[in-house]
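A.B. asks: Numbering (our numbering) for the sequence shown: 1146 to 1274.
Mind having a look at this structure? Questions to follow.
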Amino acid sequence: FANTSGSTSCEACAVKFGAAYSSSVGSDTCSKCVKGHFRGLDDACYPCVPGMDCREPGQTLVKVVIKSGWFRFRNDSAVVYSCPNNNCEGGGVGDGSCTDAASGPLCMTCSENSYMHASAICRSCDRIW
């Protein structure tokens, strides 16, 4: 990156700010985090926690994808919980990460006309008949 106009050379983000920082080609800031890290609300780079899918560089706290089997209550939280059941599909936050038949904290509530099967997943009562 080159943060002053007319610079004759570029600086390495990792040298100036730390190994977790990167930039886009031609950038004047180190505004990206490397693979395995996400950019927090304070613009600092943090290591991804278990349950976050940080295989791609440039992740942000708000948009980081949550893996299947994990749950996050809000997109501005870095706290991710392992699901105690098989209702957490990941991808979103809150109910958006639950299967169609589940909702609530950690996808623990089965929807109307559904039940918690012995395999720890909500199943529709329509499948019984």
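Built from N, CA and C at the ideal position, the CB exists for glycine as well.
(1) For Lys1161, I'd like the list of residues in its chain whose CB is within less than 6 Å of its CB, leaving aside the five on either flank, ordered along the chain.
(2) With which residues is Lys1177 paired in a DSSP beta bridge?
(3) State the start and end residues of the unbroken alpha helix (DSSP H) segment that holds Cys1270.
(4) Could you give the residue range of the alpha helix (DSSP H) that holds Cys1158?
(5) Can you name the start and end residues of the beta strand (DSSP E) that His1182 belongs to?
(6) How many whole angstroms separate the CB atoms of Arg1217 and Ala1246, which I take to be in contact at a CB cut-off of 8 Å?
(7) Classify Cys1255 as helix, strand or coil using the three-state DSSP reduction.
(8) In terms of alpha-carbon separation, which member of Ala1263, Lys1212, Asn1232 and Val1179 lies closest to Thr1205?
(9) Per DSSP, which residues does Thr1205 bridge with? Please list them.
(10) Could you tell me the alpha carbon to alpha carbon distance between Gly1249 and Val1194, rounded to whole angstroms?
(11) Based on the DSSP secondary-structure assignment, which residues constitute the bridge partners of Asp1198?
C.D. replies: In this structure, then:
(1) Position 16 of the sequence shown, counting from 1, holds the residue named residue 1161. The beta carbon of Lys1161 lies closer than 6 Å to none in the same chain, with the five residues before and after it left out.
(2) Here residue 1177 refers to the residue found at position 32 of the sequence shown. Looking at the DSSP output, Lys1177 sits in a beta bridge with Ser1167.
(3) One-based indexing of the sequence shown puts residue 1270 at position 125. First-last for Cys1270: undefined, no H or E at that position.
(4) As a working note, residue 1158 is residue 13 in the sequence shown. Here the alpha helix (DSSP H) through Cys1158 covers Cys1158 to Phe1162.
(5) Stepping through the sequence shown from its first residue, residue 1182 is reached at position 37. In the DSSP assignment, His1182 falls within the beta strand (DSSP E) that extends over His1182 to Arg1184.
(6) Looking up residue 1217 in the sequence shown gives position 72. Looking up residue 1246 in the sequence shown gives position 101. Arg1217 to Ala1246, Cβ: 20 Å. No contact.
(7) For the purposes of this step, residue 1255 is identified with residue 110 of the sequence shown, where counting begins at 1. In the structure shown, Cys1255 sits in a strand (DSSP, three-state: E or B).
(8) As a first step, residue 1205 is located in the sequence shown; it is residue number 60 there, counting from the start. Its Cα nearest to that of Thr1205, the residue Val1179 stands out among Ala1263, Lys1212, Asn1232 and Val1179.
(9) Position 60 of the sequence shown, counted from the start, is the residue given in the question as residue 1205. DSSP lists Arg1184 as partners of Thr1205.
(10) Position 104 of the sequence shown, counting from 1, holds the residue named residue 1249. Position 49 of the sequence shown, counting from 1, holds the residue named residue 1194. Cα to Cα, Gly1249 sits roughly 22 Å from Val1194.
(11) Counted from its first residue, the sequence shown places residue 1198 at position 53. Per DSSP, Val1210.
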